[in-house]
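Peer 1: Quick one: the structure is below, and I'll ask about it shortly.
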Amino acid sequence: MLRTMIVALGSVLMASSAMAAGRWDGADELPTNPLACDGGAAQVAAKPYDGGQPVNPPDLAGKPITVVDVPKLIGIGYFNATSKGIQDGAKELGNVQATTDGPTKANIDEQITFIDNYITRGVNGILFAANDPVAIAPVLKKALSKGIHVVGYDANSTPDAREWFVNQAEFNGIAKAMVDSMAKEIGEDGSFAIVTSTFTTPNQARWIAEMQAYAEKCHPKMKWLETVEAQEDNILSFNQASTLINKYGDELKGIFGMTSVATPASAEAVTQAKQCGKVAVVGLATPNAMKPYVQSGCVKSVVLWNPVDLGYAAIHVMRAVVDGKLKPGATEVEAGKLGKLKVVNGSEVLLGSPFIFTKDNIGQFDF
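Okay, so the sequence shown: first residue is 1 according to the UniProt record's numbering, each after it adds one.
And the structure:
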């Protein structure tokens, strides 16, 4: 049964900085690298390649290949958009046959089963967005052991379970955009809560960890109330946001939506509770899902990247890996119309900086 993970801060909220005591629920335990408060870049030490490698892969340089894309789940706008990008890139390349397939719910066990089935069927490459970075690793390593190329996007696995990860935006960049947007709306001493997918979903856990580090550094008086799980489920996300609104009343000034499902559902909950202008919603979501709330003025900031470009970049990275054009130690890779993308953090390909959708620009996008 789905359950709500609720942690009360109690006396911590009485301190001058609510966020100085312990790790936020939903955050991972990896080191953080918060960006400068004034917008300057943090210095990141160069890392050696830390990805895995396929065992005796066939030489398919320039030859037709078959690739399966197994996202967290299928049937939602976000992964429909990444799938479109994959298909656009495959069509442009001309020698890639790509198929998107996966579970209809964000279930790691089902995702593993889909990947395992495609290993058995035989494919040349696997693209994935992980529901759990550790649990997915064994099946991805199995694919590598069979000579299958493995590239992640959107949500990473442990690095040694894939060759490359296409990162939509660096985690500390997303964190800064999210927290700065919330501080602008609710003030430096406002209280907020978070609606996420699960506490183990890798990209969300990393964003939350970086949000905590950045908030402590640049907005230390903001107060975190709690984080709740919503399983990438629209109804549960709405219910969780509604519960937060009812539970905290006037104390709650903002809700972070950490998924493309949680953010519009939270906005709908705020709208139905007639709290627009009183409870801010800042989150990650596709512009089409957020247009009604942004255009009504209930939501002012939506943080994302172009998921069509993310899928497009992922299939180009896969082709470059198969062709031997992207190897350990590379500093960039050609990605068609996107130009050259940087390699960061050892084995990640960076799509670019996050984009903030507002009432002024959201109408220009259709995905």
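Ideal Cβ positions, reconstructed from N, Cα and C, are used throughout, including at glycine.
What number of angstroms, rounded off, separates the C-alpha of E332 from the C-alpha of G152?
Peer 2: Approximately 17 angstroms between the Cα atoms of the pair.
Peer 1: Count the other CB atoms within 10 Å of the CB of P307; is the residue buried (16 or more) or exposed (fewer)?
Peer 2: buried
Peer 1: Which of the three DSSP states is assigned to L244 in this structure?
Peer 2: helix
Peer 1: So, is L351 buried or exposed, given that buried needs 16 or more other C-beta atoms within 10 angstroms?
Peer 2: Result: buried.
Peer 1: Within the continuous alpha helix (DSSP H) that includes W207, where are the two ends?
Peer 2: P202 to C218
Peer 1: At the level of alpha carbons, what is the spacing between G125 and G190?
Peer 2: Across the structure, G125 and G190 are spaced so that their CA atoms are roughly 47 angstroms apart.
Peer 1: Just mark D366 as buried or exposed, buried being the case when its beta carbon has 16 or more other beta carbons within 10 Å.
Peer 2: exposed
Peer 1: Does the region 68-85 come close enough to the region 129-141 that 3 or more CB-CB pairs lie under 8 angstroms?
Peer 2: yes
Peer 1: Taking Cβ positions, are L225 and A183 nearer each other than 8 angstroms?
Peer 2: Their beta carbons are not under 8 angstroms apart, which means L225 does not touch A183 by this criterion.
Peer 1: So, at 6 angstroms on beta carbons, what are the nonlocal neighbours of K141 in its own chain, with the 5 sequence-adjacent residues on each side left out?
Peer 2: Excluding residues within five positions, the ones whose Cβ falls inside 6 angstroms are A161.
Peer 1: Exposed or buried, which one is S347 when buried takes at least 16 other CB atoms within 10 Å?
Peer 2: buried
Peer 1: Can you tell which of S83, A313, I362 and F355 has its C-alpha closest to the C-alpha of K340?
Peer 2: A313
Peer 1: Looking at T263: is its Cβ nearer than 8 angstroms to the Cβ of S301?
Peer 2: In terms of Cβ geometry, T263 and S301 do not form a close pair [threshold 8 angstroms].
Peer 1: Would you list the one or two residues that DSSP bridges to H316?
Peer 2: Paired residues: none, contrary to the question.
Peer 1: Answer yes if the region 88-97 comes into contact with the region 263-279, meaning at least three C-beta pairs across the two stretches below 8 angstroms, and no otherwise.
Peer 2: Contact fails: fewer than three Cβ-Cβ distances are below 8 angstroms.
Peer 1: Specify, as a first and last residue, the run of the alpha helix (DSSP H) that V77 falls within.
Peer 2: Sequence check: residue 77 is Gly here, not Val. Note, G77: alpha helix (DSSP H), G77 to L93.
Peer 1: Cutting at 7 angstroms between CB atoms, please list the residues of its own chain near F114, excluding the five before and the five after it.
Peer 2: V70, D101, G102 and P103
Peer 1: Under 8 angstroms by Cβ, that's how I've got L304 and F355 pegged, so tell me the actual separation to the nearest angstrom.
Peer 2: 6 angstroms
Peer 1: To the nearest whole angstrom, what separates the beta carbons of M211 and V261, a pair I think is in contact under 8 angstroms?
Peer 2: At roughly 19 angstroms, the Cβ-Cβ gap does not stay under 8 angstroms, so M211 and V261 are not in contact.
Peer 1: Could you give the first and the last residue of the continuous alpha helix (DSSP H) run that contains L351?
Peer 2: Per DSSP, L351 belongs to no alpha helix (DSSP H) and is neither H nor E.
Peer 1: Quick one: using the 10 Å Cβ neighbour count with 16 as the cut-off for buried, is L144 buried or exposed?
Peer 2: buried
Peer 1: Buried or exposed: where does A41 fall if 16 or more other Cβ atoms within 10 Å of its Cβ makes it buried?
Peer 2: Confidence at A41 is low in this model, with a pLDDT of 49, below 50, so its placement is unreliable and no value can be given for it.
Peer 1: In three-state DSSP terms, what is G336?
Peer 2: G336: helix per DSSP, three-state reduction.
Peer 1: Have a look at the DSSP bridge pairing and note the partners of A98.
Peer 2: V67
Peer 1: Apart from the five residues just before and just after K217, which ones in its own chain have a Cβ nearer than 6 angstroms to its Cβ?
Peer 2: P34
Peer 1: So which of G89, P48, V349 and D360 has the shortest CA-CA distance to E170?
Peer 2: V349
Peer 1: Across which residues does DSSP place E268 in a beta bridge pair?
Peer 2: Note: E268 sits in no beta bridge, so no partner.
Peer 1: Which whole-angstrom value is the C-beta distance of I235 and L244, which I expect to be below 8 angstroms?
Peer 2: Going by Cβ atoms, the distance from I235 to L244 rounds to 15 angstroms, so no, they are not a contact pair.
Peer 1: Can you name, in chain order, every residue of its own chain whose Cβ lies under 7 angstroms from the Cβ of I108, other than the five neighbours on each side?
Peer 2: N131, D132, A135 and I136
Peer 1: For P48, which residues from the same chain have a beta carbon less than 7 angstroms from its beta carbon, with the 5 sequence-adjacent residues on both sides left out?
Peer 2: G346, listed in sequence order.
Peer 1: Where does S260 fall in DSSP's three states?
Peer 2: coil
Peer 1: For R206, does the count of other Cβ atoms within 10 angstroms reach 16, so buried, or fall short, so exposed?
Peer 2: R206 should be labelled buried.
Peer 1: Return the CA-CA distance between V68 and F165, expressed in angstroms with no decimal places.
Peer 2: 16 angstroms
Peer 1: Which of the three DSSP states is assigned to Y118 in this structure?
Peer 2: helix
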